[in-house]
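What follows is one structure encoded as C-alpha cells, with my remarks underneath.
Residue numbers (the working numbering), protein chains in the order written: chain C, 235 to 581; chain W, 235 to 581.
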C-alpha cells in the first residue's frame, strides 16, 4: 500500500499527462494505493473530472475514493533555476509535494517537472543519507541484454574515488529492489578492462571498489560494454562513472539512437509509424522514471516529455520503491567506505 | 607527389589487406606517388605478385615502377605492449617504416597494426611538436550533418586545461587540411551549453579556449550535439574533450550503432546484406584512417579490421596530409597557450 504524491503541474504535458497517468495506474495496478494530485486545484480538478466522465468512466468510483487533489498555487517552470525555485516558490506543486512526503503524509513523490529543481528540493526537504554529498541519478540504457543502470548520470561532475563506491552501493540497492536483479554485477567505466587503465581518479576508484565488501564488483568495463550489456567477464547490471561522463553518454545516446534509427529506416523504406515502433525498444524514457538515489525517501524523476504511459510507469517505480523499502535499504548500505583493506594493501 | 610507407604486416588481415589497399590506391589515385611495402619481403612479395598476376594485372607495369618492398623481419602483434614492441622489435615493420619516415626516405607511414605501439613508436621516432606532452587521436563520428572530429579519443586521459587548447589547434589543422573545412568550428564537450557548466578542468578549459586567438571556438556543446553535428549555435566541425571521455564515447558508439541497426533491421525484416548496406553510413572505419596528431610527420592510424578499401582510404589521408603540409601547419599553430587575455580578465 503506497500513498503517491504526484506533481500534477510538472512536465511538458501537465496537467493532462500526470492526471491521465494516475488514472492509468489506478486502473492497471492492483492494491489500495492512493494518489495525491498536487497543483492548481481548479485546473487539476477540471482535467480529472473530464477524464472520469470520458475515457476513465470505468474507474470513476475508485478514483473518487483514492485520488485527492491538494492545492499548490505556484508552478516551477522548466527554465527556473533550482535555487530560485526552492527559495522563490515555496507553494509550488514540487515543494508542496515533497514537503508532504517529508511530513509523512505521502510515501513517494513523482514528477516530470524541472529535474534540477527536483534534485535540489529533494535534497533540502528529504535530506540525504549519511556519507553523501549529493544525490545521484541512475539511468537505464537499453542493451543487447537487460537494460544497464548507469550512474551517476549528471548530478556529480567532480567525483572523488569514494563517491564511486557510494554509486555502486546506491545502484546495487536500486537494481535489487526496483529492477529485481539478484546480486547485481557492477562495472567501473574506464578505457580498458585492466585495473591499471583509466584516469587517476578511476584507477583509485578501482582499488577502493575492489576492496569493498557487500557489492558484486566485476572490475573495469569499457564504453562498448554498455550497449552489449556485458563485458568479457559476463553480464553487467550497473556501470558506475562520474556525472560528467554519465551525462555526456546519456545525451549522446539520446540523440544517436534516433539518428541511427532514422538512417536505417530511410534505407529500409520504413514509414513513420514503423520507425516509431522500432524506436520503442530504445526509448529509455519508457522505463517511466528513475528514483533520485541517496535521498531519505522516494523522489521519482521522469522525463519532461513523459507521456501518460511513462508517468504510469513512473508511478509503478514509486510504488515498488515504497513497497521494497528501497530508501531504508540504501541508508543501511551507505556505511562510510571501508578503508581497512586498502590501507593494508599499501603497507 | 608523396612517398608512402605501408606497414604490410599490420592489422588483422595483413599482409593481404595492406598490399591490396596499396594496389587500389595505385589504380585510383592520380599522381606519381610511390609506395614502400614494409614487412617480411618473401611473404609480401608473394602476395603482391599474385595480385599483379590476377585482379590487378591492369596496373602491373605501374606497380613495378612505383612499389618497393622493404625487408623488416619482425612483426608487432596486436597484443604486444607498446613499450615492449618499441624496445624488443626494432626490426619490425612498424619501427622500420617509421624510421624510414624520420630519415626522410618516406613522407608518411600508414598502419592498421597495434595502435598503442604505433602511438608510442611515432612519438619516440618522429618526435612531437613543441608544447605537446603526448600526441592526440582524432576520430570522425558520423552525424546528421558532416562527420564531427572528436579529439582526444584515447591518448590523453588526464588532461590539464591547456591541453584542450592544443586539441583545438591540432583539430583545426586536421579539419582544414584533410577534411577541407573552412574556419572549422570547435565545441568543448560538457554537460551544458553555458560556460559555467562542467567539471573543474572543463570550466577552466572553456575560459582558456574563449581567450585563444586563431581558432573558431563556439563554446560548450553537449553529448547530443555530436550525433546532431551541430549545437544551437550552428554546425560543429570539432569537439574537444579529454581522452577518457573521448575513448568511452568512441567505444560506446562503436557498439551502440550495430546494436541499434540490428534492432531496427530485425523489426523491419531486413536481411543481412541490407543491414550491412544500411550500416555502411555509420561505419566510421570507412573514413580509412586518422593521422596521429601532434607528431612531426605523418603517421596514419587505421582500424585493425581495415579492409583493402579502408586502407586505400587511409593512404589517401596520408597523401593529403603530405600534400597539404599538415604537420608543418600544426607545428606553426602549436604556439604555447596565449595567457595574456586570460590574465587580463582576472585582473
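Note that CB positions come from ideal geometry on N, CA and C, so glycine has one too.
Just so we're clear, the structure is a prediction, and the values are computed from it rather than from any experiment.
Query, Result
"8 Å Cβ cutoff met for residue 388 (chain C) and residue 425 (chain W)", "yes"
"Residue 471 (chain W) beta carbon less than 8 Å from that of residue 386 (chain W)", "no"
"Cβ-based burial, residue 324 (chain C) [other Cβ within 10 Å; buried from 16]", "exposed"
"Beta-bridge pairing of residue 419 (chain C) - partner residues as DSSP gives them", "C:450"
"Residues, ordered as in the chain, of the segment 448–467 of chain C that lie near chain W by beta-carbon distance below 8 Å", "456, 457, 458, 459, 460, 461 and 462"
"Proximity test, Cβ basis, 8 Å: residue 491 (chain W) and chain C", "yes"
"Residues of the segment 365–384 of chain W with Cβ closer than 7 Å to any Cβ of chain C, in chain order", "378"
"DSSP bridge partner residues for residue 370 (chain C) (one or two, in chain order)", "C:527"
"CB contact below 8 Å: residue 502 (chain W) versus chain C", "yes"
"Separation of residue 491 (chain W) from residue 481 (chain C), as counted between CA atoms", "19 Å"
"Rounded separation between residue 237 (chain W) and residue 525 (chain W) - CA only", "16 Å"
"CB contact check: residue 488 (chain W) to chain C, cutoff 8 Å", "yes"
"Delimiting residues of the beta strand (DSSP E) encompassing residue 270 (chain C)", "268–273"
"Under 7 Å from the C-beta of residue 508 (chain W): neighbouring residues of chain C", "502"
"Residue 318 (chain W) versus W:355, W:294 and W:300, residue with shortest Cα-Cα distance", "W:355"
"CB contact check: residue 577 (chain W) to chain C, cutoff 8 Å", "Here the model assigns residue 577 (chain W) a pLDDT of 43, short of 50, so the residue's position is not dependable, and the following value carries that caveat. Not one chain C Cβ lies under 8 Å of residue 577 (chain W)."
"Contact with chain C by residue 494 (chain W), beta-carbon distance below 8 Å", "yes"
"Among W:473, W:262, W:436 and W:320, nearest to residue 403 (chain W) - alpha-carbon criterion", "W:473"
"Exposed unless 16 or more other CB atoms sit within 10 angstroms - verdict on residue 367 (chain W)", "exposed"
"Burial state of residue 242 (chain W), where buried means 16 or more other Cβ atoms lie within 10 Å", "buried"
"Residue environment, residue 264 (chain W), which counts as buried when at least 16 other CB atoms sit within 10 Å", "exposed"
"Segment contact, 8 Å Cβ cut-off, at least three pairs: the segment 243–262 of chain W with the segment 274–288 of chain W", "yes"
"Neighbour-count burial assignment, residue 299 (chain C), 16 or more Cβ in a 10 Å radius", "exposed"
"Which residues DSSP lists as bridging residue 237 (chain W), in chain order", "W:268"
"Check: residue 392 (chain C) C-beta below 7 Å from any heavy atom of the ligand HEM", "Absent from the structure shown: the ligand HEM. Ligands present: none."
"Beta-carbon contacts of residue 378 (chain C) that lie in its chain and below 6 Å, excluding the five residues immediately before and after", "462 and 463"
"Through-space distance from residue 497 (chain W) to residue 522 (chain C), alpha-carbon basis", "21 Å"
"Beta-carbon neighbours of residue 498 (chain W), restricted to chain C and to distances below 7 Å", "495, 498, 499 and 512"
"Per DSSP, the bridge partner or partners of residue 438 (chain W)", "None; residue 438 (chain W) has no bridge partner."
"C-alpha gap between residue 485 (chain W) and residue 529 (chain W), whole angstroms", "24 Å"
"With 16 other Cβ atoms within 10 Å as the buried cut-off, status of residue 457 (chain C)", "buried"
"Spatial distance of residue 409 (chain W) from residue 453 (chain W) (CA atoms)", "18 Å"
"Neighbour flag for residue 522 (chain C) against chain W, beta carbons, 8 Å", "no"
"Sheet register partners of residue 471 (chain W) (DSSP bridge)", "DSSP lists no partner for residue 471 (chain W)."
"Proximal residues, the segment 470–481 of chain W versus chain C, C-beta separation under 7 Å", "478, 479 and 481"
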